[in-house]
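Enquirer:
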Amino acid sequence: MKKTIENRIKAFIGKSYASNRGKFYLLFVLLMVTLLINGCVNKSDPLSPQSNLLISERNFCVDFAPNPAYTLISGFEEMGKIAKIDRGRIVPVAIASDERIRDFALGVEYIIPGFADVYAQTGVIWAKAAAVGCTWGDIEPQPPIAGKHSYHWDVVDRVLLEYQQAGFQHFHIYVRCMNRWASSKPIKPIGGGSWLPKPEYMEDYKAFLRAFVQRYDTNNPNHAPGLLYPVEYWEIESEWGTGFWQGTLVEYLELLNIAYPTIKMANPRSNVILIGFFLAGVFEGHPDPREIPNTLAMMPAQQRRNTERYFADIKELLAHPNLFDVVEFHSLSDWSEIIGMSRFLRQTMHQYGYEKPIWVGDVNCTASPLVFWGIPVPPYTQKQKPAIDITLQALANPNHPRHEEVEMWLRAEQSEGLVKKTVLAMAEGLSGINIGNLKDEPIFGVLPQITGTTAFQGLIETRGFPPGPGEPRPPYYALKLLAEKLSGFSKVIPLNIGEGIYAYQFTVQGQPIYVLWYDDGKRYLPGDAKPTIQVEIRLPQRQYLLTETPITIDGLQTQVVMPSRGILKLRIGTVPLFLEPINEGMKTL
3 MKKTIENRIK AFIGKSYASN RGKFYLLFVL LMVTLLINGC VNKSDPLSPQ
53 SNLLISERNF CVDFAPNPAY TLISGFEEMG KIAKIDRGRI VPVAIASDER
103 IRDFALGVEY IIPGFADVYA QTGVIWAKAA AVGCTWGDIE PQPPIAGKHS
153 YHWDVVDRVL LEYQQAGFQH FHIYVRCMNR WASSKPIKPI GGGSWLPKPE
203 YMEDYKAFLR AFVQRYDTNN PNHAPGLLYP VEYWEIESEW GTGFWQGTLV
253 EYLELLNIAY PTIKMANPRS NVILIGFFLA GVFEGHPDPR EIPNTLAMMP
303 AQQRRNTERY FADIKELLAH PNLFDVVEFH SLSDWSEIIG MSRFLRQTMH
353 QYGYEKPIWV GDVNCTASPL VFWGIPVPPY TQKQKPAIDI TLQALANPNH
403 PRHEEVEMWL RAEQSEGLVK KTVLAMAEGL SGINIGNLKD EPIFGVLPQI
453 TGTTAFQGLI ETRGFPPGPG EPRPPYYALK LLAEKLSGFS KVIPLNIGEG
503 IYAYQFTVQG QPIYVLWYDD GKRYLPGDAK PTIQVEIRLP QRQYLLTETP
553 ITIDGLQTQV VMPSRGILKL RIGTVPLFLE PINEGMKTL
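Position in the sequence shown (from 1) plus 2 gives the number in the numbering used here.
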């Protein structure tokens, strides 16, 4: 990633300093180093340890039939009709409509120079640039002289043109007003963060926004030389509540009141994205927003107050739909949070009488990242903490005797999580997803007991200095498989298969493709045996291609299967499976 680590960590430091004084000083050293490399860490706000109840292995004989509860929701009451909860685990019931999901956008995030060609080969055509290089202070480091502005576009030009030339066509950009000469308050030397510009510089901020939007609009005669596609998604600031925005909520709304009309006048086709919400530790395993009070009650008092305040901020920001076009949330925790967060945001918008597109971004597709500040991130539990510590030590140390085993486990977790988060985003009727990370950030491996798996999230290996693309990892191939199988889908229907089984029927070019996996609500570490369930599925009598999400670099594992008398028997585990009818001329290997 290319976000800075400092903002997320400092939001957590105030709550943890007293009991983690030694770790605080170690982390402070780490932060000083990160100022030189512009990295990022994934923060979580975990719940207290939860019990994880086993589901015994069972056999099911089911039809692939639409879920009768499949419907659009408008509030907590209607939400309760479709969200089925069993002993704290999800029985998957998704919501979607053809109108909302037919243009689903699959993208990558924190794009960096030198990596465009390798990621274009996945078939993905959406991308999101990091805030680094896109802040006002980066582009206009000196105030205008005699009303003349001097903008530095070289960093943004380089990365956007490289990715456009490689085949990417659609882009999101973070726009931050952080600028030392224009800021209403001093910008912190460590962690930075945006403040509202001084009143005397507000016209300069507007000029910066106009120049930024018009430079990357192909319909503007003064656009960047070589620009192939317009940039039409602009996110005002980057993340709520983690220090990237230092001002108050009222001040952020004041900024939106300025930014929204300015961007719209510069390019009426532009979409303004509300600052992203990051709320880990609430919806993992809890898809029904009516569970929020119970979830909050399980939290320590200070964490509960902070989370309640965050919910209040979300509702207040969403109360101003005239100031944005798109809502975004950041998914850095377990894949199961996608359902609950999506429904909460949509339900809140419905309470205000509107609905806007929802994107999920800043997607960490892997193991949650196991811990933050030494606390297991749900659904991992405190009981697993000793094994988690050993796992992180082995992952961070190439000479550890279990390093290879643990790394293979992590790559499999990445692949599974990437597919699950994307499929759930599609099934929940979201507009798109942006997936990271494009490369590892090794500096965060110095203190894995604090940063978890953050250092090791890259979808590909890197080599050389500065790091360049190396060999793809399993999650890279998982992303490619998603693009190949589900791009351009016109419909998705959740299916009632059985308890703990996630199953979705997609329609792609008029043909069905099924995606399914099993979840018992627990999370497993290296060496643990993962559960499976035998299912019997009624299908039309013909041949089907079964493709397993790649969890190794040994290539796609496929097999041709056929029902017997209309019943297909499958053993389903945590690895998502793609099932599709074989048509004439279709490749099966």
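Just so it is clear, CB atoms sit at the ideal spot from N, CA and C, and this is done for glycine as well. Note that the coordinates shown come from a computational prediction; the quantities given were computed from them, not determined experimentally.
Which residues bound the beta strand (DSSP E) around His172?
Expert: Taking the first residue of the sequence shown as position 1, residue 172 is located at position 170. 172–177 is the extent of the beta strand (DSSP E) around His172.
Enquirer: Taking buried to mean at least 16 other C-beta atoms within 10 Å of its own C-beta, is Asn269 buried or exposed?
Expert: Residue numbering aside, residue 269 sits at position 267 when the sequence shown is read from its first letter. The residue is buried, with at least 16 neighbouring Cβ atoms inside 10 Å.
Enquirer: Is the distance from the Cβ of Leu440 to the Cβ of Phe117 below 9 Å?
Expert: Position 438 of the sequence shown, counted from the start, is the residue given in the question as residue 440. Position 115 of the sequence shown, counted from the start, is the residue given in the question as residue 117. Leu440 places its beta carbon less than 9 Å from that of Phe117.
Enquirer: For Glu234, count the other beta carbons within 10 Å of its own beta carbon; 16 or more makes it buried, fewer makes it exposed. Which is it?
Expert: The residue given as residue 234 occupies position 232 in the sequence shown. The residue is buried, with at least 16 neighbouring Cβ atoms inside 10 Å.
Enquirer: Using the DSSP secondary-structure output, state which residues sit across from His332 in a beta bridge.
Expert: Here residue 332 refers to the residue found at position 330 when the sequence shown is read from its first residue. In DSSP, His332 forms a bridge with Phe280, Gly363.
Enquirer: CA-CA distance, Gly376 and Lys387?
Expert: Counted from its first residue, the sequence shown places residue 376 at position 374. Counted from its first residue, the sequence shown places residue 387 at position 385. Going from the Cα of Gly376 to the Cα of Lys387 covers about 8 Å.
Enquirer: Verify whether the separation of the beta carbon atoms of Phe446 and Ala429 is less than 9 Å.
Expert: Translated into the one-based positions of the sequence shown, residue 446 becomes position 444. Translated into the one-based positions of the sequence shown, residue 429 becomes position 427. Against a cut-off of 9 Å, the Cβ pair of Ala429 and Phe446 comes out as no contact.
Enquirer: Could you check whether Gly243 and His288 sit closer than 9 Å to each other, using their CB atoms as the reference points?
Expert: To locate residue 288, count along the sequence shown from 1; it is residue 286. To locate residue 243, count along the sequence shown from 1; it is residue 241. Not closer than 9 Å, so no.
Enquirer: Under 8 Å Cβ to Cβ from Phe210, same chain only, skipping five residues before and after it: list those, please.
Expert: On the sequence shown, residue 210 is found 208 positions in, with the first residue counted as 1. Counting only Cβ-Cβ distances below 8 Å, and skipping sequence neighbours, we find Trp138, Ile141, Glu142, His151, Tyr153.
Enquirer: Starting from Arg540 and walking both ways along the beta strand (DSSP E), at which residues does that stretch end?
Expert: To locate residue 540, count along the sequence shown from 1; it is residue 538. Element bounds for Arg540: 535–540.
Enquirer: Ordered along the chain, which non-local residues of its own chain (more than five positions away) have a Cβ less than 7 Å from that of Ala107?
Expert: The sequence position of residue 107 within the sequence shown is 105, counting from 1. Around Ala107: Trp128, His172, Ser433, Gly434.
Enquirer: Starting from the C-beta of Arg573, find all residues in its chain whose C-beta is less than 6 Å away, skip the five residues before and the five after it, and write them out in chain order.
Expert: For the purposes of this step, residue 573 is taken as the residue at position 571 of the sequence shown. If we look at Arg573 and ignore the five residues flanking it on each side, its Cβ neighbours are Thr534, Gln536.
Enquirer: Mind checking whether Phe170 and Leu258 have CB atoms under 9 Å apart?
Expert: Here residue 170 corresponds to residue number 168 of the sequence shown, with the count starting at 1. Here residue 258 corresponds to residue number 256 of the sequence shown, with the count starting at 1. Going by C-beta atoms, Phe170 is not nearer than 9 Å to Leu258.
Enquirer: Buried or exposed for Pro223, please, with buried defined as at least 16 other CB atoms from any protein chain shown within 10 angstroms of its CB.
Expert: For the purposes of this step, residue 223 is identified with residue 221 of the sequence shown, where counting begins at 1. So Pro223 counts as exposed.
Enquirer: Do you know whose CA, among Pro542, Tyr506, Ala261, Leu558, lies nearest Ile584's CA?
Expert: Within the sequence shown, numbered from 1, the residue matching residue 584 stands at position 582. For the residues Pro542, Tyr506, Ala261, Leu558, the minimum Cα distance to Ile584 belongs to Pro542.
Enquirer: So, are the CB atoms of Tyr231 and Gln166 less than 9 Å apart?
Expert: As a first step, residue 231 is located in the sequence shown; it is residue number 229 there, counting from the start. As a first step, residue 166 is located in the sequence shown; it is residue number 164 there, counting from the start. Yes; because the gap between Cβ atoms is below 9 Å, this pair is in contact.
Enquirer: Compare the C-beta of Ala485 with all C-beta atoms of chain C and state if any pair is closer than 9 Å.
Expert: The chain inventory of the structure shown lacks chain C, comprising one protein chain alone.
Enquirer: By a C-beta neighbour count over all protein chains shown, 10 Å radius and 16 as the cutoff for buried, is Ile192 buried or exposed?
Expert: Sequence index remark: in the sequence shown, residue 192 carries index 190 (1-based). Around the beta carbon of Ile192, fewer than 16 other beta carbons lie within 10 angstroms, which makes this residue exposed.
Enquirer: Over what stretch of residues does the beta strand (DSSP E) that includes Ala414 continue unbroken?
Expert: For the purposes of this step, residue 414 is taken as the residue at position 412 of the sequence shown. First-last for Ala414: 405–429, but that is the alpha helix (DSSP H), not the beta strand (DSSP E).
Enquirer: When DSSP builds the beta bridges, which residues end up paired with Gln559?
Expert: Start at 1 with the first residue of the sequence shown, and residue 559 comes out as number 557. As a beta-bridge residue in DSSP terms, Gln559 pairs with Glu550.
Enquirer: Counting only runs that start and end within the segment 481–518, where is the beta strand (DSSP E) found for 3 or more residues in a row?
Expert: 493–496, 503–510
Enquirer: Please report the straight-line C-alpha distance between Gly523 and Pro378, rounded to a whole angstrom.
Expert: Locating residue 523 in the sequence shown gives position 521, counting from the first residue. Locating residue 378 in the sequence shown gives position 376, counting from the first residue. Cα to Cα, Gly523 sits roughly 15 Å from Pro378.
Enquirer: Hey, could you find the ends of the alpha helix (DSSP H) Tyr207 is sitting in?
Expert: The residue given as residue 207 occupies position 205 in the sequence shown. Residues 204–217.
Enquirer: Within its chain, find whatever has a CB closer than 6 Å to the CB of Tyr478; leave out the 5 residues flanking it on each side and keep chain order.
Expert: Counted from its first residue, the sequence shown places residue 478 at position 476. Contacts found: Leu461, Ile462.
Enquirer: Looking at the strands, I want to know which residues DSSP matches up with Tyr478.
Expert: As a position in the sequence shown, residue 478 is number 476, starting the count at 1. None, per the DSSP bridge assignment.
Enquirer: Going by the CB atoms, is the gap between Ala133 and Arg178 shorter than 9 Å?
Expert: Within the sequence shown, the letter at position 176 stands for residue 178. Within the sequence shown, the letter at position 131 stands for residue 133. Closer than 9 Å, so yes.
Enquirer: Please state the DSSP three-state secondary structure of Pro307.
Expert: To locate residue 307, count along the sequence shown from 1; it is residue 305. Note that residue 307 is Arg in the sequence shown here, rather than Pro. Correct three-state label for Arg307: helix.
Enquirer: What's the call for Ala249, buried or exposed, on a 16-neighbour Cβ count within 10 Å?
Expert: If you number the sequence shown from 1, residue 249 lands on position 247. In the sequence under discussion, the amino acid at residue 249 is Gly, which differs from the Ala named in the question. With 16 or more other Cβ atoms within 10 Å, it is buried.
Enquirer: Pick out whichever of Val577, Lys200, Lys385 has its Cα sitting closest to the Cα of Glu415.
Expert: Looking up residue 415 in the sequence shown gives position 413. Relative to the Cα of Glu415, the nearest Cα in the group Val577, Lys200, Lys385 belongs to Val577.
Enquirer: Using the DSSP secondary-structure output, state which residues sit across from Asn436 in a beta bridge.
Expert: The residue you call residue 436 lines up with position 434 of the sequence shown. Looking at the DSSP assignment, Asn436 forms a beta bridge with Gly109.
Enquirer: What do you reckon, are the CB atoms on Gln216 and Trp183 nearer than 9 Å?
Expert: The residue you call residue 216 lines up with position 214 of the sequence shown. The residue you call residue 183 lines up with position 181 of the sequence shown. No. Outside cutoff.
Enquirer: In three-state DSSP terms, what is Ala148?
Expert: Position 146 of the sequence shown, counted from the start, is the residue given in the question as residue 148. In this structure, Ala148 counts as coil in the three-state DSSP scheme.
Enquirer: Out of Leu298, Thr554, Leu527, Ala427, which has the shortest C-alpha to C-alpha gap to Arg345?
Expert: Your numbering for residue 345 matches position 343 in the sequence shown. Cα-wise, what sits closest to Arg345 is Ala427.
Enquirer: Would you kindly work out how many angstroms separate the C-alpha atoms of Thr305 and Glu501, rounded to a whole number?
Expert: Residue mapping note: residue 305 aligns to position 303 of the sequence shown, counting from 1. Residue mapping note: residue 501 aligns to position 499 of the sequence shown, counting from 1. Checking the sequence, you will find Gln at residue 305 rather than Thr. In a straight line, the C-alpha of Gln305 is about 32 Å away from that of Glu501.
Enquirer: Go ahead and pull the three-state DSSP assignment for Pro374.
Expert: Here residue 374 refers to the residue found at position 372 when the sequence shown is read from its first residue. Correcting the residue identity first, residue 374 is Phe in this sequence and not Pro. Here Phe374 sits in strand by DSSP.
Enquirer: In angstroms, rounded to a whole number, what distance separates the CA positions of Ala1 and Lys200?
Expert: Because the chain is modelled from 3 through 591, residue 1 falls outside the range shown and cannot be assessed.
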